[in-house]
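Visitor:
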Amino acid sequence: MTQLTPEGQRTVQELSDRHGFSPDAVTEMLLALRNGNGSMAQFSHSEFGGSGQWMRGGMIMIGDLFNNGLKSRVDALCVDIANLLTNEPGLVGSGSFQHQSQSGGDHPSYQSQSANTSPADHVVPGDSRLFRADPSSNWWPAELGSPTASGSQNQMRYAYFANPRRLAVDAGGEVWVYDTQDHQIGGFAQQQGGDPSISFTSQYGKVNLATLPVISRNGQTVGASQATTRSTAGTNEALAPGSGAPTDIYQAIEKLAALKESGILTPEEFTTKKAELLARL
């Protein structure tokens, strides 16, 4: 759980004194606005009239619909907190992968990265003047630093690191790191309906995660990055690693099997890739 620093606690007390809400209520609103990237909040607290929503620009709804005085006080608190977070480096504007699945998951849709995230998105803050980050939030290898954007859905989490060109995926407690090569990742989608595979969008269009070279698994180096080619249509097809010797191909099949076991590859994708590799023997 995210903890407030001593400075964060003093800030909460100042806001509490200024707006007449308890420190507990102010803390909840502070976290709600941070999760909303400083521009929106979904909250639920008795002092705010129950459940409600706030959005920068004047939109506010509270459970006590006709209590205009309370609505004005909640709005004033949200404005102060939003301004505070906007000026706090590292808390907002880092971006998040937004994703959804339509028609039972048969046709996933994609959305671009945005500095304006919704509370459903997974925003991973670092240490700041106000907050101490939850250590469990930083599940990726420490050497990757802070992610450009991150997201989660069902049992999978992912974090994209633009500068080192790496993508970390937590699938069932196993952390895989991929080389994103020259992809500029703009969104992720995960199939539903029993198909847990992940695809992402870049400047080349929709790309399957299985086409990226695997760098490490649970901190252990998997092997040399695999070369890839890009067709004129903008999709990727993975090539067999190394010289194409039987040993290399068998190792590649073992890696594919591990990806299938972790849920990153579907059985159908594994069968297809395996057949392609065996055909090179």
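With the first letter of the sequence shown counted as 1, position 223 gets the number 246 in my numbering; the numbers rise by one all the way through.
Backbone N, C-alpha and C fix where the C-beta goes; we use that ideal spot for every residue, glycine too.
Because the structure is a prediction, the values reported are computed rather than measured.
(1) So if DSSP puts W199 in a beta bridge, which residue, or which two residues, is it bridged to?
(2) Where D103 and R152 are concerned, what is the direct C-alpha to C-alpha distance, given to the nearest angstrom?
(3) Measuring only the C-alpha atoms, how far is D47 from L56?
(4) Please tell me whether G174 and F223 are closer than 7 Å, where the distance is taken between their beta carbons.
(5) Going along the chain, which residues of its own chain have a beta-carbon closer than 7 Å to the beta-carbon of E70, five neighbours each way excluded?
(6) Please confirm if the region 59 to 79 is in contact with the region 88 to 104, defined as three or more CB-CB distances below 8 Å between the two stretches.
(7) When the Cα atoms are used, what is the spatial distance from I287 to G86?
(8) Counting only runs of 4+ residues fully inside the region 85 to 116, write out the alpha helix (DSSP H) ranges in chain order.
(9) Relative to the C-alpha of E277, which residue among G209, L108 and K297 is closest?
(10) Just verifying my parser: in three-state terms, what is the DSSP assignment at Y227?
(11) I'd like to know whether the C-beta atoms of S285 and E197 end up nearer to each other than 7 Å.
(12) Would you kindly report the start and end of the unbroken alpha helix (DSSP H) that includes G31?
(13) With 16 as the cutoff for other CB atoms within 10 Å, does L301 come out buried or exposed?
(14) Which two residues bound the contiguous beta strand (DSSP E) that contains F184?
(15) Quick one: give me the first and last residue of the beta strand (DSSP E) that A48 is part of.
(16) Determine the DSSP secondary structure at Q274, reduced to helix, strand or coil.
(17) My assumption, with CB atoms under 8 Å, is that G168 sits in contact with F184. Please give the rounded CB distance.
(18) Let's test the definition: count the other Cβ atoms within 10 Å of the Cβ of N58 and tell me whether it reaches 16, buried, or not, exposed.
(19) Considering only the alpha carbon of each residue, which of M179, D205 and H206 lies closest to G195?
(20) Mark F89 as exposed unless 16 or more other C-beta atoms lie within 10 angstroms of its C-beta, in which case mark it buried.
(21) Give the range of the beta strand (DSSP E) segment to which A64 is assigned.
(22) DSSP on A172, reduced to helix/strand/coil?
(23) Just grab the DSSP bridge partners of W324 for me.
Guide: On the basis of the supplied data:
(1) Looking at the DSSP assignment, W199 forms a beta bridge with V192 and R240.
(2) Straight-line spacing of the CA atoms in D103 and R152 works out to 17 Å.
(3) D47 and L56 have their alpha carbons spaced roughly 14 Å apart.
(4) Taking 7 Å as the cut-off, the beta carbon of G174 is found no closer than this to the beta carbon of F223.
(5) Answer for E70: F44, S45 and A48, listed in chain order.
(6) The region 59 to 79 vs the region 88 to 104: in contact.
(7) Rounded to whole angstroms, the separation of the alpha carbons of G86 and I287 is 42 Å.
(8) Listed in chain order, the complete alpha helix (DSSP H) runs (minimum 4 residues) inside the region 85 to 116 are 91 to 109.
(9) Checked all of G209, L108 and K297; the closest Cα to E277 is K297.
(10) Y227 falls in the coil class under three-state DSSP.
(11) Cβ distance < 7 Å, so S285 and E197 count as in contact.
(12) Counting along the chain, the alpha helix (DSSP H) containing G31 begins and ends at P29 to H42.
(13) It is exposed - the Cβ of L301 has fewer than 16 other Cβ atoms within 10 Å.
(14) Looking at the DSSP string, the run of the beta strand (DSSP E) that includes F184 is M179 to F184.
(15) Segment P46 to N58 is the alpha helix (DSSP H) holding A48; no beta strand (DSSP E) there.
(16) Residue state, collapsed to three classes: helix.
(17) Cβ-Cβ separation between G168 and F184: approximately 7 Å, consistent with a contact (criterion under 8 Å).
(18) That one is buried.
(19) Out of M179, D205 and H206, the CA that lies nearest to the CA of G195 is found in M179.
(20) By the 10 Å Cβ count, F89 comes out exposed.
(21) A64 -> beta strand (DSSP E) spans M63 to H68.
(22) A172: strand per DSSP, three-state reduction.
(23) Limits of the chain in this structure are 24 at one end and 304 at the other, which puts residue 324 out of reach.
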